[in-house]
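The structure appears below as structure tokens.
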Amino acid sequence: MTRTNKQIVLARRPRGNPVPDDFRLQESLLCEPVDGELLVENIYLSMDAGFLHWMSEGSSDEYLSEMGIDAPVMGLTLGRVVESRHEAFNVGEVVMGRLTWEEFSIIDASDFLTKLPANLEFPLNYYLGVLGGTGMTAYFGMKDIGIPQAGETVLISAAAGAVGNVVGQIAKIFGARAIGMSGSEDKCRRLVDELGFDQAVNYRTGASLETTMA
-14 MTRTNKQIVL ARRPRGNPVP DDFRLQESLL CEPVDGELLV ENIYLSMDAG
36 FLHWMSEGSS DEYLSEMGID APVMGLTLGR VVESRHEAFN VGEVVMGRLT
86 WEEFSIIDAS DFLTKLPANL EFPLNYYLGV LGGTGMTAYF GMKDIGIPQA
136 GETVLISAAA GAVGNVVGQI AKIFGARAIG MSGSEDKCRR LVDELGFDQA
186 VNYRTGASLE TTMA
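So in this note's numbering, spot 202 of the sequence shown is number 187, and the numbers just go up one at a time.
Have a look at this one:
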């Protein structure tokens, strides 16, 4: 049976922040997976700020090449396997991977792909955020590299971002003082009032670092 697939493709490279005209919605015919591949129905798409870099240009370390014009936009997704041609994955299982913005994706099962447990303790969308890549970056960056100690001060740049806001909360768990930097008063208020930071500084208008850290 021939199926169609709705996709969001990159129509042009963004100049600054992306705008709707940088993208285009299209329909295409959906191919059948071959041996070693999975057909995944995407449930959630993550619009991570870091992927803007690959919309505009590739990474200098060749980790990822730039996204192609007229190709589906790349991003982290959560999806359910609807057809499997690989023995390690079964129909109905939920996977997380670096797929594309489309209803269905066909992926080589040996690519960047993680199978989620069958009985999840938290809502599924959490696994693209605090329990996904951004949360793990914050957790291991603080626990294994930063190693904050009780009573120390941790200064977090981009503190209102997906990684930064978790870093500050982890710092507090370790007993450290968390100071967040952000670019608007609204974000600074949220850091203190909602996320428990000890202090937040608007780097556009705030005091010097020396005063802040005193």
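Every residue gets a Cβ at the ideal spot worked out from N, C-alpha and C, and that includes glycine. Note that this is a predicted model, so its numbers are computed, not measured.
Exercise. Would you call S142 buried or exposed, if buried means 16 or more other Cβ atoms sit within 10 Å of its Cβ?
Worked result: On the sequence shown, residue 142 is found 157 positions in, with the first residue counted as 1. Exposed, since its Cβ has fewer than 16 Cβ neighbours within 10 Å.
Problem set entry | CA nearest to the CA of V186, picked from R175, G165, Y124, L180 | The count along the sequence shown starts at 1 and reaches residue 186 at position 201. That would be G165, whose Cα lies nearest to the Cα of V186.
Exercise. Going by the C-beta, is D96 closer than 7 Å to any heavy atom of the ligand SAH?
Worked result: Here there are no bound small molecules, and the ligand SAH is not part of this structure.
For this session: Could you spell out where the beta strand (DSSP E) holding A214 opens and where it closes?
Result: Residue 214 lies beyond the range of the chain shown here (-14 to 199); nothing can be said about it.
Exercise. How long is the line joining the alpha carbons of L(-5) and E68, rounded to whole angstroms?
Worked result: The residue labelled residue -5 in the question sits at position 10 within the sequence shown. The residue labelled residue 68 in the question sits at position 83 within the sequence shown. Each residue's Cα considered, the two are about 27 Å apart.
For this session: Pick out whichever of R189, N(-10), Q184, L101 has its Cα sitting closest to the Cα of W86.
Result: Numbered from its first residue, the sequence shown carries residue 86 at position 101. Checking every option, the nearest Cα to that of W86 belongs to N(-10).
For this session: Return the chain-ordered list of same chain residues with a C-beta closer than 6 Å to the C-beta of G82, the five sequence neighbours on each side being excluded.
Result: Residue numbering aside, residue 82 sits at position 97 when the sequence shown is read from its first letter. Cβ within range, chain order: F97, L98.
Exercise. Taking one C-beta from the segment 148 to 164 and one from the segment 113 to 127 each time, how about it: are there three or more such pairs within less than 8 Å?
Worked result: yes
Problem set entry | Beta-carbon spacing of M32, P(-1) below 8 Å | Sequence index remark: in the sequence shown, residue 32 carries index 47 (1-based). Sequence index remark: in the sequence shown, residue -1 carries index 14 (1-based). Against a cut-off of 8 Å, the Cβ pair of P(-1) and M32 comes out as no contact.
For this session: Pull up the distance between the alpha-carbon of F8 and that of Q184, whole angstroms please.
Result: The count along the sequence shown starts at 1 and reaches residue 8 at position 23. The count along the sequence shown starts at 1 and reaches residue 184 at position 199. Near 38 Å, if we compare the C-alpha coordinates of Q184 and F8.
Exercise. Within 10 angstroms of its Cβ, does V19 collect 16 or more other Cβ (buried), or is it exposed?
Worked result: Looking up residue 19 in the sequence shown gives position 34. Answer is exposed; the Cβ neighbour count stays below 16.
Exercise. How many Å lie between G149 and F36 at the Cα?
Worked result: Walking along the sequence shown from the start, residue 149 turns up at place 164. Walking along the sequence shown from the start, residue 36 turns up at place 51. Each residue's alpha carbon lies about 17 Å from the other.
Exercise. Would DSSP call G117 helix, strand or coil?
Worked result: By one-based count along the sequence shown, residue 117 stands at place 132. Here G117 sits in coil by DSSP.
For this session: Return the Cβ separation of V79 and L61 in integer angstroms, given the expectation that the two are a contact with Cβ distance under 8 Å.
Result: Here residue 79 refers to the residue found at position 94 of the sequence shown. Here residue 61 refers to the residue found at position 76 of the sequence shown. The pair is not a contact, with the Cβ atoms about 13 Å apart (cut-off 8 Å).
Exercise. Going by Cα to Cα distance, which pick from K172, I132, I(-7), G117 is closest to F159?
Worked result: Taking the first residue of the sequence shown as position 1, residue 159 is located at position 174. Closest option to F159, Cα to Cα, is I132.
Exercise. Can R175 and A145 be called in contact, C-beta distance under 8 Å?
Worked result: Position 190 of the sequence shown, counted from the first residue, corresponds to residue 175. Position 160 of the sequence shown, counted from the first residue, corresponds to residue 145. A contact, by the Cβ cut-off of 8 Å.
Exercise. Does the distance from the CB of L15 to the CB of I(-7) come in under 8 Å?
Worked result: By one-based count along the sequence shown, residue 15 stands at place 30. By one-based count along the sequence shown, residue -7 stands at place 8. Contact flag unset, no.
Exercise. Under the three-state reduction of DSSP, which class applies to A156: helix, strand or coil?
Worked result: Residue 156 sits at position 171 when you count from the first residue of the sequence shown. The answer is helix: DSSP assigns A156 an H, G or I state.
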